[in-house]
Amino acid sequence: MIGFELNATSNTRFTRNYTQWTEGEVWLAKAFEVVRGISSPAEMVLGQAWSAAIESPADAATAAFKGLLNGMLADLAGVRNQMGVTVEGVGGTFFCHGLLNINESGIPMIREFLATIKRASDAYGREIGDQVMIQICKTIKMFDLHLGLGNAVGQLWIEIKF
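Going by the numbering used here, the first residue of the sequence shown is number 2, and it counts up by one from there.
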């Protein structure tokens with residue numbers, strides 16, 4: 002099993018601990034395989050659409066996670082509070098720092114944050130997958146909600162053990 006652990010702390014008593022294993026992706030791929038194997042009448046477009054659009058169950062799982070990540074990234078564009086976000090891999094395997102909602106918000110802010118993660122990913126030779134990015138986004142959004150409705154300022158540290 003391949004997986005990761007994510008531990009987040011902040012300067013405002015926010016904490017989050019999360020562990021993810023890839024069994025969920027494997028289960029999802031098997032579920033798509035079962036559904037595709039069910040014979041359906043010609044008028045059932047869903048089965049035909051899956052057969053035409055998805056080459057394999059693994060591709061279906063990958064597409065599902067990609068769609069979920071895109072939604073999470075779009076959701077980050079609306080963070081209300083100012084925060085510094087540090088993402089660090091255990092044992093010096095990854096490090097980046099980004100600022101959210103300091104000068105601007107919306108899609109340009111998310112593009113800059115993703116560019117920072119991509120530069121660090123290239124420098125450390127460590128690809129950050131969709132499932133890790135989904136949990137990073139979710140943690141940032143939870144931290145934003147933790148800070149409240151005002152214009153609060155906070156520092157979030159996310160530590161990932163690959």
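Backbone N, C-alpha and C fix where the C-beta goes; we use that ideal spot for every residue, glycine too.
First and last residue of the beta strand (DSSP E) that includes residue i?
| i | result |
| --- | --- |
| Arg17 | Thr16 to Trp22 |
| Thr87 | Gln83 to Gly90 |
| Gly155 | Val154 to Lys162 |
Mapping the DSSP letters down to three states, classify residue i as helix, strand or coil.
| i | result |
| --- | --- |
| Ile135 | helix |
| Asn8 | strand |
| Ile129 | coil |
| Gly79 | coil |
| Thr140 | helix |
| Leu150 | coil |
| Gly107 | coil |
From the options, pick the residue whose C-alpha is nearest to that of residue i; which is it?
| i | options | result |
| --- | --- | --- |
| Ala65 | Gly90, Asn12, Ile135 and Leu101 | Ile135 |
| Pro109 | Ala78, Gly4 and Asn8 | Ala78 |
| Glu160 | Gly126, Glu113, His98 and Leu146 | His98 |
| Lys67 | Leu7, Gln132, Arg112 and Ile118 | Gln132 |
Mind checking whether residue i and residue j have CB atoms under 8 angstroms apart?
| i | j | result |
| --- | --- | --- |
| Phe95 | Ala121 | yes |
| Leu100 | Gly90 | no |
| Gly155 | Thr16 | no |
| Leu148 | Asn102 | no |
| Ser11 | Leu146 | no |
May I ask which residues mark the beginning and end of the alpha helix (DSSP H) holding residue i?
| i | result |
| --- | --- |
| Phe95 | Unbroken run through Phe95 is the beta strand (DSSP E), Phe95 to Leu101; no alpha helix (DSSP H). |
Margin query: Whether or not the segment 64-79 and the segment 137-154 are in contact is what I'm after, with contact meaning three or more pairs of Cβ atoms, one per stretch, closer than 8 angstroms; do they touch?
Written below: Touching, per the Cβ criterion.
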